[in-house]
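Protein chains: 2
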Amino acid sequence: MNRNLDVGHIVSLLKNVLKKKDGLIPLHQPTFRGKEWAYVKDCLDTGWVSSVGKYVGAFEKKLAEYTGVEHAIAVVNGTAAMHICLKLAGVEEGDEVLLPALTFVATANAVRYCGGIPHFVDSDWKSLGIDPKKLQDYLKDITLIRQGCCYNKQTMRPIKAVVAVHTFGHPVDLDPILAICEKYKLVLIEDAAEALGSYYKDKHTGNWGKLSAFSFNGNKIITTGGGGAILTNDLILAKTAKHLTTTAKVPHPWAFVHDEVGYNYRLPNINAALGCGQIEVIDEFIQEKRTLAQKYRQVFKEVQGITFFTEAAYARSNYWLNLLLLDEEYVGLRDPLLLATHEEGILTRPSWSLMHKLAMFKECPRMDLSAAQDLEQRIINIPSSVGLGEK
Amino acid sequence: MNRNLDVGHIVSLLKNVLKKKDGLIPLHQPTFRGKEWAYVKDCLDTGWVSSVGKYVGAFEKKLAEYTGVEHAIAVVNGTAAMHICLKLAGVEEGDEVLLPALTFVATANAVRYCGGIPHFVDSDWKSLGIDPKKLQDYLKDITLIRQGCCYNKQTMRPIKAVVAVHTFGHPVDLDPILAICEKYKLVLIEDAAEALGSYYKDKHTGNWGKLSAFSFNGNKIITTGGGGAILTNDLILAKTAKHLTTTAKVPHPWAFVHDEVGYNYRLPNINAALGCGQIEVIDEFIQEKRTLAQKYRQVFKEVQGITFFTEAAYARSNYWLNLLLLDEEYVGLRDPLLLATHEEGILTRPSWSLMHKLAMFKECPRMDLSAAQDLEQRIINIPSSVGLGEK
Ligand SMILES: Cc1ncc(COP(=O)(O)O)c(C=O)c1O
Ligand SMILES: Cc1ncc(COP(=O)(O)O)c(C=O)c1O
Numbered sequence: 001m002n003r004n005l006d007v008g009h010i011v012s013l014l015k016n017v018l019k020k021k022d023g024l025i026p027l028h029q030p031t032f033r034g035k036e037w038a039y040v041k042d043c044l045d046t047g048w049v050s051s052v053g054k055y056v057g058a059f060e061k062k063l064a065e066y067t068g069v070e071h072a073i074a075v076v077n078g079t080a081a082m083h084i085c086l087k088l089a090g091v092e093e094g095d096e097v098l099l100p101a102l103t104f105v106a107t108a109n110a111v112r113y114c115g116g117i118p119h120f121v122d123s124d125w126k127s128l129g130i131d132p133k134k135l136q137d138y139l140k141d142i143t144l145i146r147q148g149c150c151y152n153k154q155t156m157r158p159i160k161a162v163v164a165v166h167t168f169g170h171p172v173d174l175d176p177i178l179a180i181c182e183k184y185k186l187v188l189i190e191d192a193a194e195a196l197g198s199y200y201k202d203k204h205t206g207n208w209g210k211l212s213a214f215s216f217n218g219n220k221i222i223t224t225g226g227g228g229a230i231l232t233n234d235l236i237l238a239k240t241a242k243h244l245t246t247t248a249k250v251p252h253p254w255a256f257v258h259d260e261v262g263y264n265y266r267l268p269n270i271n272a273a274l275g276c277g278q279i280e281v282i283d284e285f286i287q288e289k290r291t292l293a294q295k296y297r298q299v300f301k302e303v304q305g306i307t308f309f310t311e312a313a314y315a316r317s318n319y320w321l322n323l324l325l326l327d328e329e330y331v332g333l334r335d336p337l338l339l340a341t342h343e344e345g346i347l348t349r350p351s352w353s354l355m356h357k358l359a360m361f362k363e364c365p366r367m368d369l370s371a372a373q374d375l376e377q378r379i380i381n382i383p384s385s386v387g388l389g390e391k
Numbered sequence: 001m002n003r004n005l006d007v008g009h010i011v012s013l014l015k016n017v018l019k020k021k022d023g024l025i026p027l028h029q030p031t032f033r034g035k036e037w038a039y040v041k042d043c044l045d046t047g048w049v050s051s052v053g054k055y056v057g058a059f060e061k062k063l064a065e066y067t068g069v070e071h072a073i074a075v076v077n078g079t080a081a082m083h084i085c086l087k088l089a090g091v092e093e094g095d096e097v098l099l100p101a102l103t104f105v106a107t108a109n110a111v112r113y114c115g116g117i118p119h120f121v122d123s124d125w126k127s128l129g130i131d132p133k134k135l136q137d138y139l140k141d142i143t144l145i146r147q148g149c150c151y152n153k154q155t156m157r158p159i160k161a162v163v164a165v166h167t168f169g170h171p172v173d174l175d176p177i178l179a180i181c182e183k184y185k186l187v188l189i190e191d192a193a194e195a196l197g198s199y200y201k202d203k204h205t206g207n208w209g210k211l212s213a214f215s216f217n218g219n220k221i222i223t224t225g226g227g228g229a230i231l232t233n234d235l236i237l238a239k240t241a242k243h244l245t246t247t248a249k250v251p252h253p254w255a256f257v258h259d260e261v262g263y264n265y266r267l268p269n270i271n272a273a274l275g276c277g278q279i280e281v282i283d284e285f286i287q288e289k290r291t292l293a294q295k296y297r298q299v300f301k302e303v304q305g306i307t308f309f310t311e312a313a314y315a316r317s318n319y320w321l322n323l324l325l326l327d328e329e330y331v332g333l334r335d336p337l338l339l340a341t342h343e344e345g346i347l348t349r350p351s352w353s354l355m356h357k358l359a360m361f362k363e364c365p366r367m368d369l370s371a372a373q374d375l376e377q378r379i380i381n382i383p384s385s386v387g388l389g390e391k
């Protein structure tokens with residue numbers, strides 16, 4: 001093994017940046033320092049903990065204001081948000097949906113919930129998200145357009161949508177992907193589960209797709225315990241999303257009529273209350289996360305064989321989950337490094353397993369995935385909680 | 001209209017029982033008087049609000065202890081619980097599932113989430129749930145058994161399961177339904193969303209079906225904001241339920257491998273904390289609800305033309321949602337009564353619309369539904385919150 005890079009050295013660098021003392025340093029833990037308590041207690045005091053209550057609306061308003069997307073519909077988690085985005089994009093039984101092989105399993109599962117077929121595409125080294133150039137060449141090869149619809153020539157199934165995942169908070173290069181979507185009649189959905197606080201060019205993520213999904217799980221930049229949101233600039237889609245996520249009940253003071261198969265995807269008021277407290281201090285959170293990223297970058301700049309991943313020139317990232325990329329010759333150090341950091345109480349993790357390797361998605365169509373395969377071997381996520389960086 | 005029954009008189013009786021002053025009396029609002037705040041605050045103090053944390057396990061343990069069902073899996077709501085119960089019962093694309101037409105829409109929606117076809121059955125005046133006698137006669141007529149499986153002779157689709165809904169907390173007559181399930185090779189699932197604290201004979205509801213679903217929505221006897229649980233006495237099903245509801249992730253300290261299409265149906269820790277506080281005082285809640293029911297019964301005993309619905313001889317009900325039944329000749333008073341009570345700030349509601357009348361379920365198979373049709377015209381739910389009865 002090359003002397004230039006050794007596990008012990010990386011562990012000691014991490015310990016330094018993280019000012020490691022006793023106890024575990026999780027990958028990402030929540031911070032409560034805003035009005036979370038006051039809002040949550042207000043729910044208990046008034047009895048409004050559930051589906052009715054003012055915090056759901058307030059949280060939706062704050063989300064819309066913060067992101068600049070016109071409409072936000074709070075839901076029970078990011079997976080539910082993805083499900084409804086795909087449904088509203090028109091994904092039905094047997095339709096294909098293009099999404100990166102390098103993503104969290106929820107993105108692909110949500111396609112299956114609609115009866116759709118995930119179709120896996122490769123990633124870009126610059127963004128960790130979909131590689132637009134490769135996607136373009138691939139679609140040119142495998143598709144045909146008939147009556148304004150895109151078909152996979154091999155399977156003869158319609159291809160309906162592209163899901164751009166902003167991996168670890170880093171924005172995908174959206175402009176070329178939008179051009180591809182236009183050319184191939186595909187709906188763009190942003191899986192922005194990890195990207196609250198991340199900007200592509202001058203606009204917040206979630207503004208570019210027809211619909212986008214956010215997550216407020218406990219490991220995200222802000223949390224509602226469990227929670228998510230659907231964002232869209234389209235009023236009709238927003239109304240339909242609200243309707244579908246609240247059992248498709250037709251409004252009436254007492255009668256119970258539902259006009260389609262709907263879902264109970266409401267975010268409870270108590271969880272929304274937590275979210276209101278959190279989003280009010282998100283600017284601080286992002287500042288601290290960017291400071292931490294800056295420190296990591298500084299420290300790892302000197303180290304040969306490993307790179308701290310930084311935002312693309314077009315992006316301003318929330319640095320939700322920081323990562324190191326091992327050079328090709330050091331991929332063998334990944335597992336020893338994961339083990340050593342865990343032993344030292346510094347929680348790290350490798351890439352998700354690529355989607356096409358999971359038993360239930362083995363038979364799904366895919367392009368050449370060489371960049372994703374490569375990234376899978378090289379990614380190591382490192383602690384990223386708010387509070388690890390200075391204010 | 002008959003002089004014996006008038007809307008004004010009923011409103012004044014309700015006002016009396018409810019000691020109505022200013023302000024609204026909701027149909028069912030939560031009460032927090034246990035350790036809810038201490039537990040929720042503990043989540044905020046420790047940062048454990050989300051998918052990891054001690055309250056989920058604690059709540060599951062308390063549920064199992066309280067109901068006497070061996071395993072409880074906390075989930076995000078009752079609809080999610082129903083979905084997983086049906087999936088674990090083997091309901092797949094094109095399978096039929098027998099369920100009452102008189103139920104909340106979630107029961108039927110959950111069948112559709114599995115790709116199944118709801119098949120609507122009639123209700124019993126004694127329980128408001130499935131009529132066993134009618135079900136027996138119907139199945140004799142329309143089914144055939146081939147290789148240990150039940151088929152609908154008309155549609156030639158497999159019939160997989162029966163969902164017994166304990167309507168408004170009142171237990172269905174389960175013994176004859178179990179006998180039918182055995183005879184016709186059907187899996188019994190209890191939709192006990194409304195029935196925490198309700199007993200059939202000597203055992204808590206949820207012990208009789210192979211699987212059962214509970215809800216802790218804000219309007220239920222105890223609440224977690226939003227929440228639910230799957231209960232089962234079968235260890236293998238319990239483990240599968242936990243796996244499926246937590247994204248089907250294969251346990252590992254860091255690797256992300258998922259071995260089937262799973263769901264994010266976890267109950268967040270902060271919601272489970274609320275549930276722990278609630279279930280600790282459920283005995284008080286039930287006592288108060290039964291006292292209120294007793295008062296209603298007393299008062300309406302004197303009134304001709306309307307009946308307060310009480311538990312069957314075999315049951316001990318939680319009286320989750322109290323109801324009045326109008327006599328046949330007074331069904332015309334239902335809407336005026338709903339209107340008059342709402343105007344007085346006493347929130348009441350009619351029956352759910354029967355499932356086969358909803359646009360998306362119009363084409364579903366069904367038996368003669370005369371009892372359900374009749375009940376739909378006659379049911380009026382009246383305020384039932386804990387705290388309206390004496391301690
Ligand atoms: C890329 C991505 N998509 C979807 C999700 C699903 O969000 P949730 O966990 O809130 O259901 C997540 C987060 O876990 C995610 O990271
Ligand atoms: C009979 C019945 N089934 C299912 C559900 C679904 O539960 P939840 O609202 O928690 O999703 C409810 C409660 O709303 C219900 O009353």
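Protein chains in written order, with the UniProt record's numbering: chain F, 1 to 391; chain V, 1 to 391. Cβ coordinates follow ideal geometry from the N, Cα and C atoms, glycine included. These numbers come from a predicted model, not from an experiment.
- Considered as a whole, the stretch 35-107 of chain V harbours 36-46, 54-67, 78-88 as its complete alpha helix (DSSP H) runs of no fewer than 4 residues, in chain order.
- For F/Leu321, the secondary structure class from DSSP, reduced to helix, strand or coil, is coil.
- Burial is judged here by how many other beta carbons sit within 10 angstroms of a residue's own beta carbon; V/Asp22 has fewer than 16 and is exposed.
- Under the three-state reduction of DSSP, V/Lys203 is assigned to strand.
- Under the Cβ criterion of 8 Å, V/Asp6 is not counted among the residues facing chain F.
- Chain-ordered, the chain V residues with CB closer than 8 Å to the CB of F/Val76 read Val76, Asn77, Gly226.
- Here the C-alpha atom of V/Val299 lies approximately 15 Å from the C-alpha atom of V/Ser384.
- Going by DSSP, F/His9 is part of the alpha helix (DSSP H) stretching over 7-18.
- Contact residues of ligand 1 (beta-carbon closer than 6 Å to any heavy atom; chain order) are F/Asn77, F/Gly78, F/Thr79, F/Met82, F/Thr103, F/Phe104, F/Ala106, F/Thr107, F/Val165, F/Asp191, F/Ala193, F/Glu194, F/Ser215, F/Asn217, F/Gly228, V/Asn264.
- Sequence-ordered contacts of the stretch 101-119 of chain F with chain V read Phe104, Val105, Ala106, Ala108, Asn109, Arg112, Tyr113, Gly115 [C-beta pairs closer than 9 Å].
- Between the alpha carbons of V/Ala315 and V/Ala213 lies a gap of roughly 19 Å.
- Between the alpha carbons of F/His9 and V/Pro253 lies a distance of about 23 Å.
- For the stretch 252-265 of chain V, the set of positions with a beta-carbon nearer than 8 Å to some beta-carbon of chain F reads Pro253, Trp254, Ala255, Phe256, Val257, His258, Asp259, Glu260, Val261, Gly262, Tyr263, Asn264 in chain order.
- In the three-state DSSP reduction, F/His170 falls in the coil class, being neither helix nor strand.
- Excluding the 5 residues flanking it on each side, F/Glu70 has same chain C-beta neighbours closer than 7 Å at Ala64, Asn233, in chain order.
- Separation of the CB atoms of F/Gln278 and F/Thr223 is rounded to 6 Å, and the pair is thereby assigned contact status at 8 Å.
- Distance between F/Val281 and F/Glu194, taken at the CA atoms: about 17 Å.
- Rounded to whole angstroms, the Cβ separation of F/Leu375 and F/Leu128 is 7 Å, and the two are in contact under 8 Å.
- Residues of chain F with a Cβ closer than 7 Å to the Cβ of V/Arg349 are, in chain order, Trp254.
- Fewer than three beta-carbon pairs drawn from the stretch 24-36 of chain F and the stretch 240-251 of chain F are found closer than 8 Å, and the two stretches are therefore not classed as touching.
- The beta carbon of F/Ala89 lies closer than 7 Å to those of Lys160, Ala161, Val187, Ile189, Lys210, Leu211 in the same chain, with the five residues before and after it left out.
- Under the Cβ distance rule, F/Ile270 counts among the residues neighbouring chain V, one pair being separated by less than 8 Å.
- Per DSSP, the unbroken beta strand (DSSP E) holding V/Ile145 starts and ends at 143-146.
- Under the 8 Å criterion on CB atoms, V/Phe32 is classed as interfacial with respect to chain F.
- Shown in chain order are the members of the stretch 354-368 of chain V whose Cβ falls below 7 Å from a Cβ of chain F: Leu358, Ala359, Met360.
- Approximately 45 Å separates the beta-carbon atoms of F/Leu14 and F/Thr246; this is outside 8 Å, ruling out the contact.
- Of the residues assessed, F/Asn16 falls on the exposed side of the cut-off, its CB having fewer than 16 other CB atoms within 10 angstroms.
- About 5 Å separates the Cβ atoms of V/His119 and V/Pro365, confirming a contact at the 8 Å cut-off.
- Taken in chain order, the whole beta strand (DSSP E) runs of length 3 or more contained in the stretch 172-240 of chain F are 187-191, 211-215, 228-232.
- Within the same chain, Cβ atoms closer than 6 Å to the Cβ of V/Pro176 are found at Pro132, the five residues on either side in sequence being excluded.
- Under the 8 Å criterion on CB atoms, V/Ser212 is classed as non-interfacial with respect to chain F.
- Here the alpha carbon of F/Leu5 sits roughly 26 Å from the alpha carbon of F/Lys289.
- Secondary structure note for V/Ile279: its alpha helix (DSSP H) is the uninterrupted segment 269-279.
- No Cβ of chain F is located within less than 8 Å of the beta carbon of V/His243.
- Relative to F/Glu36, the option among F/Met360, F/Ile270, F/Lys295, F/Lys301 whose CA is nearest is F/Ile270.
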